[in-house]
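Visitor: Quick note: the sequence shown uses the working numbering, first residue 3, plus one each step. Every residue, glycine too, gets a C-beta built ideally from N, C-alpha and C. All of these numbers come straight from a predicted model, not from anything done at the bench.
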Amino acid sequence: MKALSETGKRLLKGAFWTAAAVVFLFAVWLVAWKAAGNDYIIPSLSASLREAGRLLAEGAFWRAFCSTLSRSLTAFVFSFFSASILAVVAYLVPAFGKFLSPLVSVVRSVPTMAVILIILVWTTPVKAPVIVACLALFPMLFSGMGAALAAVPSDLVEMSRVYRVPVRRRIVHLYLPCAAPYVLREGAAALSFSLKLTVSAEVLANTYRSLGGLMQEAKLYAEMPRLFALTLAVIAAGFVLEGAGMLLAHFAERRASWKSAL
């Protein structure tokens with residue numbers, strides 16, 4: 003009961019600070035709107051919220067939203083599993099880790115804009131956002147997984163080696179459970195980041211039936227309330243994705259602590 007009480011307090015505290023941040027951002031928006039004095043530069047909050055209500059009633063918006071969400075989740079899942087597998091191999095085989103490290107650094111430093119333009123030559127505007135998001139997410143997730151594996155208690159690692167525990171059992175029952183809470187927290191942030199990357203790539207690629215495509219269309223016709231409403235939709239979706247990931251990480255951490263207590 004005490005653990006549940008502590009969890010409830012943490013959730014309430016997190017909700018309070020999230021609400022405070024949202025109120026602050028809306029206040030900044032109001033000040034900027036008053037300062038600009040031009041709805042074609044910064045629309046009012048009320049106009050943007052009305053447009054958001056209209057968007058929610060449009061089937062085209064939901065088709066675009068689902069397509070963008072599908073691309074961002076595809077990029078995240080592929081990046082997460084490939085980064086996890088390679089990070090475990092790099093941890094177990096240090097020589098492979100030294101070989102892979104500079105390659106990951108190169109991928110991390112590649113300019114996103116240049117990658118989008120190059121990939122658009124090679125592939126279609128539908129596939130380009132997924133590839134771009136994967137290239138940006140993989141180095142971040144690989145580094146996070148590597149740091150989590152490096153933090154596995156050394157006494158447990160040494161004990162598993164002394165008792166000659168098979169590598170497969172070590173991976174499944176030691177390395178991954180110990181790294182899971184940290185990796186899932188990183189993954190929660192990467193989920194919302196994946197959505198942002200995908201939408202940005204869709205805007206540049208002018209992807210058909212996507213949130214980025216709708217933003218490009220709104221910008222083309224100077225429909226600023228619609229553009230801001232679409233931005234609010236992306237922010238809200240990012241909050242939901244990150245919140246779901248953080249809850250999953252919290253429960254994984256609780257489960258790991260219960261097992262260690264037993």
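On the three-state DSSP scale, how would you describe P179?
Guide: Numbered from 1 along the sequence shown, position 177 holds the residue referred to as residue 179. Helix.
Visitor: Reducing DSSP to helix, strand and coil, say where S187 ends up.
Guide: The count along the sequence shown starts at 1 and reaches residue 187 at position 185. Note that residue 187 is Arg in the sequence shown here, rather than Ser. Correct three-state label for R187: helix.
Visitor: Does DSSP classify V25 as helix, strand or coil?
Guide: Sequence index remark: in the sequence shown, residue 25 carries index 23 (1-based). In the structure shown, V25 sits in a helix (DSSP, three-state: H, G or I).
Visitor: With a threshold of 6 Å on Cβ separation, who are the neighbours of V132 within its own chain once the five nearest residues in sequence on each side are excluded?
Guide: For the purposes of this step, residue 132 is taken as residue 130 along the sequence shown, with counting starting at 1. If we look at V132 and ignore the five residues flanking it on each side, its Cβ neighbours are R73, T76 and A77.
Visitor: What is the DSSP secondary structure of A59, counted as helix, strand or coil?
Guide: Along the sequence shown, read from residue 1 onward, the residue named residue 59 stands at position 57. Reduced to three states, the DSSP call for A59 is coil.
Visitor: With a cut-off of 8 Å on the beta carbons, I'd call T70 and G247 a contact; round off their distance for me.
Guide: Residue 70 sits at position 68 when you count from the first residue of the sequence shown. Residue 247 sits at position 245 when you count from the first residue of the sequence shown. Actually they do not touch by this definition, with Cβ atoms about 18 Å apart.
Visitor: Given L122, which residues of its chain have a CB within under 7 Å of its CB, disregarding the five upstream and five downstream residues?
Guide: Taking the first residue of the sequence shown as 1, we reach residue 122 at position 120. Result list for L122: A130 and A207, in chain order.
Visitor: Tell me, to the nearest whole angstrom, how far the beta carbon of C136 is from that of F80; I am working on the premise that it is less than 8 Å.
Guide: For the purposes of this step, residue 136 is taken as the residue at position 134 of the sequence shown. For the purposes of this step, residue 80 is taken as the residue at position 78 of the sequence shown. Right, their Cβ atoms sit about 6 Å apart.
Visitor: What is the rounded straight-line gap between the Cα of G245 and the Cα of Y184?
Guide: What you label residue 245 is simply residue 243 of the sequence shown in a count that begins at 1. What you label residue 184 is simply residue 182 of the sequence shown in a count that begins at 1. Answer to the nearest angstrom: the Cα atoms are 15 Å apart.
Visitor: Going by DSSP in three states, G39 sits in which element: helix, strand or coil?
Guide: Reading the sequence shown from its first residue, position 37 is the one you call residue 39. The answer is coil: DSSP assigns G39 none of H, G, I, E or B.
Visitor: Considering only their Cβ atoms, is the gap separating S50 from A231 smaller than 7 Å?
Guide: Looking up residue 231 in the sequence shown gives position 229. Looking up residue 50 in the sequence shown gives position 48. Yes; because the gap between Cβ atoms is below 7 Å, this pair is in contact.
Visitor: Exposed or buried, which one is P96 when buried takes at least 16 other CB atoms within 10 Å?
Guide: Counting from 1 along the sequence shown, the entry for residue 96 is found at position 94. The residue in question, P96, is exposed, as its Cβ has fewer than 16 Cβ neighbours within 10 Å.
Visitor: Give every residue of the same chain whose Cβ lies closer than 7 Å to the Cβ of T114, excluding the five residues on either side of it in the sequence, and list them in chain order.
Guide: Sequence index remark: in the sequence shown, residue 114 carries index 112 (1-based). Within the same chain, T114 has close Cβ partners V134 and A138.
Visitor: Measure the C-alpha to C-alpha separation of L264 and L158 and round it to an integer number of angstroms.
Guide: Start at 1 with the first residue of the sequence shown, and residue 264 comes out as number 262. Start at 1 with the first residue of the sequence shown, and residue 158 comes out as number 156. Bear in mind that the predicted position of L264 carries a pLDDT of just 44, short of 50, making it too unreliable to give a figure here.
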